[in-house]
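Just so it is clear: in the sequence shown, position 229 is 229 by UniProt numbering, and no numbers are missing.
Note that the Cβ used here is the ideal one computed from N, Cα and C, for glycine as well.
As the structure is a prediction and not an experimental result, all values here were calculated from the model.
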Amino acid sequence: MQAIAHIDLAALRHNLSRVRELSPDTRILAVIKAVGYGHGIVRVAEALSAADGFAVTNVEEALTLREAGISQRILALEGFSSASELDAFRQHRVDTVVHHESQVDLLERTGSGPMVSAWLKIDTGMHRLGIAPARLGDVGDRLRGCANVVSPLLLMSHLANADDRRSTNAEEQIRYFLSIASDFGREISIANSAAILAWPEARVGWVRPGIMLYGISPFPVSATAQELVLLPAMTLSTHLIAINQISKGEAIGYGGTWACPEDMPVGVAAIGYGDGYPRHAPSGCPVLLNGKRVPLIGRVSMDMITLDLRTQPDARIGDQVIAWGKGLPVEEIARLSGTIGYELVCGVTRRVEFVTHDS
């Protein structure tokens, strides 16, 4: 029996409307990289057609959207690193991030042809991609004077600690970015999901919501998605395929890490790390069985998990089991498993069936 990822298109649209509500005076660049955070890049783009544009990782993801007929503005966040990549940007009307002066060199050397829209990325503290702020004037002038770059030039940066609302770092980054962005008017961008939700001063120019579009909180400890008025877009489900009566003292699963404290029913559900369920989910991690929580027991296998059914004596083979989604936040499963919700939804594997709903 196959696990199913149910994708709620109405939830995606609701979450986009939440961005509009919080940032009414901005344009929205919906971040749908990593195959739409595991939800399916084309289906997400189609559901979020009201966005002003989309952000993806690279030109390959951008071309997937263009081939599917997506006509909105698309920004590739990693930009280009070769002449052939740059040509693809130009031919398919894909915006590029410029984060290194070698890219400026390549733009200046490239022959005439379609122009490209450039987003100059400044490193304001993430120290991953971005031009040093001291080089902003020179690099900005070169890009504005380049015959292959469309006007206006845009300016962007990325926040390192916006998901920690107790940190002063994000506020300092935002303030610094705004202080050097005055020459760019509204063609600026710094707000990710966490900033949209928690840092009003970052809601300027173009906002870049990512994880919140999928109904997942960027603050998994301090604020739930429900508290943020977000709806989960993915519900990962499967079914019980066996119910066994196991004797007191018998160990469950690989390594025998959990022993039955009494004679008890143990359920087997058809989902495992081969589907993207976290292998490190501990005993006690909940699933929903017919809408009620039951705990995982023993180790997660490639294809199956085992469940303590003592509180569900009426459970039957074929009953639905929800691994995360509606009624069971993925953030909770991620926290118990020592990871983040981003990783879980992005990690759902190819053997899982994807079904869309528009509830």
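Contact belief for residue i with residue j at Cβ below 8 Å, rounded distance in angstroms
{"i": "residue 278", "j": "residue 217", "result": "Not confirmed; about 18 Å, so no contact."}
{"i": "residue 41", "j": "residue 26", "result": "With 8 Å as the limit, residue 41 and residue 26 do not qualify as a contact, their Cβ atoms being about 23 Å apart."}
{"i": "residue 190", "j": "residue 157", "result": "5 Å"}
{"i": "residue 99", "j": "residue 136", "result": "That pair is no contact at about 12 Å."}
{"i": "residue 59", "j": "residue 94", "result": "6 Å"}
{"i": "residue 341", "j": "residue 220", "result": "7 Å"}
{"i": "residue 74", "j": "residue 56", "result": "6 Å"}
{"i": "residue 276", "j": "residue 348", "result": "4 Å"}
{"i": "residue 230", "j": "residue 15", "result": "5 Å"}
Identity of the residue in the options nearest residue i by Cα
{"i": "residue 263", "options": "173, 84, 300 and 308", "result": "308"}
{"i": "residue 318", "options": "294, 341, 356 and 268", "result": "268"}
{"i": "residue 312", "options": "325, 304, 293 and 306", "result": "293"}
{"i": "residue 215", "options": "8, 241, 3 and 1", "result": "8"}
{"i": "residue 132", "options": "140, 138 and 123", "result": "123"}
{"i": "residue 81", "options": "281, 102, 116 and 90", "result": "102"}
{"i": "residue 243", "options": "265, 83, 107 and 259", "result": "265"}
{"i": "residue 46", "options": "70, 35 and 66", "result": "70"}
{"i": "residue 206", "options": "224, 186 and 225", "result": "186"}
{"i": "residue 172", "options": "182, 91 and 199", "result": "199"}
{"i": "residue 146", "options": "315, 296, 330 and 112", "result": "112"}
{"i": "residue 66", "options": "50, 79, 91 and 257", "result": "91"}
{"i": "residue 53", "options": "226, 295, 208 and 310", "result": "208"}
{"i": "residue 49", "options": "84, 282 and 13", "result": "13"}
{"i": "residue 177", "options": "222, 144 and 134", "result": "134"}
{"i": "residue 335", "options": "222, 353 and 161", "result": "222"}
{"i": "residue 18", "options": "227, 116, 159 and 315", "result": "227"}
{"i": "residue 257", "options": "36, 300, 144 and 316", "result": "300"}
{"i": "residue 127", "options": "144, 161 and 151", "result": "161"}
Residue i vs residue j beta-carbon contact at 8 Å
{"i": "residue 245", "j": "residue 290", "result": "no"}
{"i": "residue 359", "j": "residue 10", "result": "yes"}
{"i": "residue 202", "j": "residue 180", "result": "no"}
{"i": "residue 194", "j": "residue 163", "result": "yes"}
{"i": "residue 3", "j": "residue 271", "result": "yes"}
{"i": "residue 165", "j": "residue 104", "result": "no"}
{"i": "residue 30", "j": "residue 213", "result": "yes"}
{"i": "residue 154", "j": "residue 188", "result": "yes"}
{"i": "residue 125", "j": "residue 169", "result": "yes"}
{"i": "residue 328", "j": "residue 197", "result": "no"}
{"i": "residue 288", "j": "residue 322", "result": "yes"}
{"i": "residue 149", "j": "residue 107", "result": "yes"}
{"i": "residue 330", "j": "residue 261", "result": "no"}
{"i": "residue 33", "j": "residue 86", "result": "no"}
{"i": "residue 239", "j": "residue 6", "result": "no"}
{"i": "residue 351", "j": "residue 274", "result": "yes"}
{"i": "residue 281", "j": "residue 296", "result": "yes"}
{"i": "residue 72", "j": "residue 51", "result": "yes"}
Where residue i falls, given that 16 or more other Cβ within 10 Å makes a residue buried
{"i": "residue 355", "result": "exposed"}
{"i": "residue 61", "result": "buried"}
{"i": "residue 254", "result": "exposed"}
{"i": "residue 235", "result": "buried"}
{"i": "residue 109", "result": "exposed"}
{"i": "residue 363", "result": "The structure shown does not extend to residue 363, since the chain is modelled only from 1 to 359, so the question has no answer here."}
{"i": "residue 302", "result": "exposed"}
{"i": "residue 24", "result": "exposed"}
{"i": "residue 304", "result": "buried"}
{"i": "residue 121", "result": "buried"}
{"i": "residue 430", "result": "No answer is possible for residue 430: the residues shown for the chain start at 1 and end at 359."}
{"i": "residue 96", "result": "buried"}
{"i": "residue 325", "result": "buried"}
{"i": "residue 251", "result": "exposed"}
{"i": "residue 210", "result": "buried"}
{"i": "residue 114", "result": "exposed"}
{"i": "residue 36", "result": "buried"}
{"i": "residue 225", "result": "buried"}
{"i": "residue 79", "result": "buried"}
Min CB distance residue i to chain D below 8 Å
{"i": "residue 323", "result": "Reference to chain D is not applicable here, since this structure consists of a single protein chain."}
Going residue by residue through the segment 94 to 179, where are the continuous beta strand (DSSP E) segments of at least 3 residues, counting only ones entirely within it?
95 to 98, 118 to 121 and 154 to 156
At 4 residues or longer, what runs of the alpha helix (DSSP H) sit wholly inside the segment 24 to 50?
33 to 37 and 41 to 47
Which residue spans inside the UniProt domain "Alanine racemase C-terminal" (233 to 357) form an unbroken alpha helix (DSSP H) run of at least 4?
Listed in chain order, they are 330 to 336 and 341 to 346.
Restricting to runs no shorter than 4 residues, where is the alpha helix (DSSP H) found entirely within the segment 184 to 240?
193 to 198
Please give the ranges of any beta strand (DSSP E) in the segment 64 to 97, keeping only runs that are unbroken, at least 3 residues long and fully inside the region.
73 to 76
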